[in-house]
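If you use the UniProt record's numbering, the sequence shown corresponds to residues 1 to 357, in order.
Cβ coordinates follow ideal geometry from the N, Cα and C atoms, glycine included.
Values in this document were obtained by computation on a predicted structure and should not be read as measured data.
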Amino acid sequence: MSATNIAIDLQQINVTFKRNNENLVALDNVSLQVEKGSIYGIIGYSGAGKSTLVRIINLLQRPDTGSVSILGQDLLSLHDKELRGVRKKVGMIFQHFNLLRSRTVLNNVEYPLLSQKMSRSKRHAKALELLKLVGLDEYAKAYPDELSGGQKQRVAIARALANNPDVLISDEATSALDPQTTEDILQLLKHLNEKLGLTIVLITHEMQVIKSICQNVAVMEKGRIIEKGSVSEVFTAPKQALTQKFVESAANVTEMRQQISDDHLIENLQSNERLLYLRFSSEVTSEAVISSLAIKYGISASILFANVQKVAQLSLGYMLIVLTASDEHFATILDYLTTVGVVVTDFSTGEEQIYVS
Ligand SMILES: Nc1ncnc2c1ncn2[C@@H]1O[C@H](COP(=O)(O)OP(=O)(O)OP(=O)(O)O)[C@@H](O)[C@H]1O
Ligand SMILES: [Mg+2]
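And the structure:
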């Protein structure tokens, strides 16, 4: 990434809040670079520091230490007036749409333009153009209470675009929406990203959201970024336990893990049976694994769970099987599986034993 390609450059950011005379570290040495025109996802549980991190981007929150560079400008060195200028280049949308109930949809969208020297008709035209962009021009005269959640979020997006921002920050903007409406809003964001060259930072606690439109992802835990990279890298080979948990949640593996204990699968295994969890990417398929076991080793495995998720042109497979084999035979099979790129977790002993080539 060359410097001119970077929209957001946060370096070694620290933020500590004081609560009841105690220090609470909200951001712990966080560095993040977001390429211009990309969609960057930030995922973490509640309290991880995600909102604090994005508030740093427009300096709504000042860091105790660290540097904040947005569109090539060092924000910490700017005066108030210059800072207001840069802030206009960063739009924000939230879970609660924060629309003004007493104003029409059109008036809500033109609201950020009121402080500018712009004729009323120009302002109206601009707001209408933005409403068209989000597919809501027919609702210009309606009031927020007459709209669905998804439509309200579209209005909020149009309003966030009023100042022609280069960066759009979405802080849990789809968390209050159903899955279909979430996907519609995400596709709208992707469309805006492509059409306007908008850089998007998307905060979420759902890996489905990341999977759907992000190119890069950072995982946050307790104020730190514990893992980051391209979405395909992170989904294929998650390094941290929390990352793996998020990746698996997007393929319903979390439910599968719960089923293992609910159904007492481990306790019910025969002495020569093993409960194995297999993970693999594009080159391998569930069918190939199962048929090779049968053909090469004369072993039949019963499949308890199988799923595939598609991420950034990759297919990632997850399978839970019960295999009947002697220890010696198992060693050979394990060798074969890891050689073809399958990551094998053996649950049989009650502890998770992971084998990878
Ligand atoms: N203004 C503040 N004063 C004191 N503590 C704060 C303040 N803002 C955030 N915190 C604390 O900092 C930590 C990180 O909060 P933050 O809002 O960034 O988390 P988050 O990842 O966005 O969580 P959520 O998913 O619930 O929105 C939390 O422990 C929170 O209580
Ligand atoms: Mg938050």
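### Task
For residue 358, name the three-state secondary structure that DSSP assigns.
With the chain covering only 1 through 357, there is no way to say anything about residue 358.
### Message
Could you check if His79 belongs to the surroundings of ligand 1, using beta carbon to heavy atom distance under 7 angstroms?
### Response
Here residue 79 refers to the residue found at position 79 of the sequence shown. No, the beta carbon of His79 sits no closer than 7 angstroms to any heavy atom of ligand 1.
### Message
If distances are taken between C-alpha atoms only, which option among Asp171, Asn163 and Leu177 comes closest to Gln151?
### Response
Counting from one through the sequence shown, the residue named residue 151 turns up at place 151. For the residues Asp171, Asn163 and Leu177, the minimum Cα distance to Gln151 belongs to Leu177.
### Query
Just to confirm, does Lys126 get its C-beta within under 7 angstroms of one of the non-hydrogen atoms of ligand 1?
As a position in the sequence shown, residue 126 is number 126, starting the count at 1. No; taking the cut-off as 7 angstroms, the Cβ of Lys126 has no heavy atom of ligand 1 nearer than that.
### Query
Is it true that the CB of Glu110 sits closer than 8 angstroms to the CB of His124?
For the purposes of this step, residue 124 is taken as residue 124 along the sequence shown, with counting starting at 1. For the purposes of this step, residue 110 is taken as residue 110 along the sequence shown, with counting starting at 1. Contact flag set, yes.
### Message
Spatial neighbours of Gln208 within its chain, please: C-beta separation below 6 angstroms, excluding the five flanking residues on both sides.
### Response
Taking the sequence shown and counting its residues from 1, one reaches residue 208 at position 208. Correct list, in chain order: Ala250.
### Query
Could you give the uninterrupted runs of the beta strand (DSSP E) lying entirely in the segment 162 to 193, keeping only those of 3 residues or more?
167 to 171
#### Entry: Beta-carbon proximity check, Ile13 vs Ile56, cutoff 8 angstroms
Counted from its first residue, the sequence shown places residue 13 at position 13. Counted from its first residue, the sequence shown places residue 56 at position 56. Closer than 8 angstroms, so yes.
### Message
Quick check: is any heavy atom of ligand 1 less than 7 angstroms from the C-beta of Glu221?
### Response
Against the sequence shown, residue 221 aligns to sequence position 221. No - ligand 1 has no heavy atom lying nearer than 7 angstroms to the Cβ of Glu221.
### Task
Just the C-alpha distance for Glu82 and Gly135, rounded to the nearest angstrom, thanks.
Looking up residue 82 in the sequence shown gives position 82. Looking up residue 135 in the sequence shown gives position 135. Cα to Cα, Glu82 sits roughly 33 angstroms from Gly135.
#### Entry: Test item, CB below 7 angstroms from any non-hydrogen atom of ligand 2
Lys50, Ser51, Asp171, Glu172 and Ile203
### Query
Is DSSP giving Ser212 helix, strand or coil here?
For the purposes of this step, residue 212 is taken as the residue at position 212 of the sequence shown. If DSSP states are grouped into helix, strand and coil, Ser212 belongs with the helices.
### Task
Using alpha carbons as the reference points, say which of Gln153, Ala162 and Ser348 lies closest to Ser261.
Translated into the one-based positions of the sequence shown, residue 261 becomes position 261. Residue Ser348 is the option with its Cα nearest to Ser261.
### Query
So what's Phe97 in DSSP terms, helix, strand or just coil?
Here the question's residue 97 lines up with position 97 in the sequence shown. Looking at Phe97 - three-state DSSP - the assignment turns out to be coil, as it is neither helix nor strand.
### Query
Would a C-beta distance cut-off of 8 angstroms place Ala160 and Met220 closer than the cut-off?
By 1-based counting over the sequence shown, the position of residue 160 is 160. By 1-based counting over the sequence shown, the position of residue 220 is 220. Taking 8 angstroms as the Cβ cut-off, Ala160 and Met220 do not qualify as a contacting pair.
### Task
Can you give me the Cβ contacts of Leu314 inside the same chain, cut-off strictly under 8 angstroms, excluding the 5 residues immediately before and after it?
If you number the sequence shown from 1, residue 314 lands on position 314. The residues are Ser232, Phe235, Thr236, Ser281 and Ser282.
### Message
Taking 7 angstroms as the cut-off, is the C-beta of His205 nearer than that to any heavy atom in ligand 1?
### Response
Residue 205 sits at position 205 when you count from the first residue of the sequence shown. At least one heavy atom of ligand 1 is nearer than 7 angstroms to the Cβ of His205, so yes.
### Message
For Phe305 and Glu22, I'd like the C-alpha separation in whole angstroms.
### Response
Residue numbering aside, residue 305 sits at position 305 when the sequence shown is read from its first letter. Residue numbering aside, residue 22 sits at position 22 when the sequence shown is read from its first letter. Answer to the nearest angstrom: the Cα atoms are 47 angstroms apart.
### Task
Report the rounded CA-to-CA distance for Glu273 versus Gln187, giving the unit in angstroms.
Residue mapping note: residue 273 aligns to position 273 of the sequence shown, counting from 1. Residue mapping note: residue 187 aligns to position 187 of the sequence shown, counting from 1. When rounded, the distance between both Cα atoms is 46 angstroms.
### Task
Label Lys310 either buried or exposed according to how many other C-beta atoms from any shown protein chain fall within 10 Å of its C-beta, with 16 as the threshold for buried.
Within the sequence shown, residue 310 is the residue found at index 310, counting from 1. Exposed: under 16 other Cβ atoms inside 10 Å.
### N-terminal and C-terminal residue of the alpha helix (DSSP H) that Lys122 is part of
Reading the sequence shown from its first residue, position 122 is the one you call residue 122. Where Lys122 is concerned, the enclosing alpha helix (DSSP H) stretches over Arg120 to Leu133.
### Segment limits, beta strand (DSSP E) that includes Phe280
Along the sequence shown, read from residue 1 onward, the residue named residue 280 stands at position 280. Phe280 -> beta strand (DSSP E) spans Glu273 to Phe280.
### Task
Identify every residue that forms a DSSP beta bridge with Tyr355.
For the purposes of this step, residue 355 is taken as the residue at position 355 of the sequence shown. Tyr355 is bridged to Val344.
#### Entry: beta-carbon Val197 near ligand 1 non-hydrogen atom, thresh 7 angstroms
On the sequence shown, position 197 is the one that residue 197 refers to. A small fix is needed here, since residue 197 is Gly in this sequence, not Val. Flag unset: Cβ of Gly197 not near ligand 1.
### Query
Sorry if obvious, but does the Cβ on residue 404 come closer than 7 angstroms to a heavy atom of ligand 1?
Because the chain here runs from 1 to 357, residue 404 falls outside it and cannot be looked at.
### Query
When we look at the beta-carbon of Gln259 and count the other beta-carbons within 10 Å, is it buried (16 or more) or exposed?
The count along the sequence shown starts at 1 and reaches residue 259 at position 259. The residue is exposed, with fewer than 16 neighbouring Cβ atoms inside 10 Å.
### Query
Around the Cβ of Gln153, are there at least 16 other Cβ atoms within 10 angstroms (buried) or fewer (exposed)?
If you number the sequence shown from 1, residue 153 lands on position 153. By the 10 Å Cβ count, Gln153 comes out buried.
### Task
Please state if the CB of Ile70 and the CB of Val90 are separated by a distance shorter than 8 angstroms.
On the sequence shown, position 90 is the one that residue 90 refers to. On the sequence shown, position 70 is the one that residue 70 refers to. Yes, the Cβ-Cβ distance between Val90 and Ile70 is below 8 angstroms.
### Query
If you run the structure through DSSP and keep just helix, strand and coil, what is Leu114?
Walking along the sequence shown from the start, residue 114 turns up at place 114. Leu114: coil per DSSP, three-state reduction.
#### Entry: Cα-Cα separation between Leu242 and Ser271, rounded to whole angstroms
Here residue 242 corresponds to residue number 242 of the sequence shown, with the count starting at 1. Here residue 271 corresponds to residue number 271 of the sequence shown, with the count starting at 1. Cα to Cα, Leu242 sits roughly 32 angstroms from Ser271.
### Task
Can you have a look at Gly298 and say buried or exposed, based on whether 16 or more other CB atoms are within 10 angstroms of its CB?
In the sequence shown, counting from the first residue as 1, residue 298 sits at position 298. Counting Cβ neighbours within 10 Å, Gly298 comes out exposed, since fewer than 16 surround it.
### Task
Using alpha carbons as the reference points, say which of His329, Leu316, Gly350 and Val284 lies closest to Thr339.
The sequence position of residue 339 within the sequence shown is 339, counting from 1. Thr339 has its Cα closest to that of Val284, out of His329, Leu316, Gly350 and Val284.
### Task
Could you tell me which residues DSSP puts in a beta bridge with Gln11?
One-based indexing of the sequence shown puts residue 11 at position 11. Per DSSP, Ser67.
#### Entry: Ser326 beta carbon near ligand 1 (any heavy atom closer than 7 angstroms)
Reading the sequence shown from its first residue, position 326 is the one you call residue 326. No, the beta carbon of Ser326 sits no closer than 7 angstroms to any heavy atom of ligand 1.
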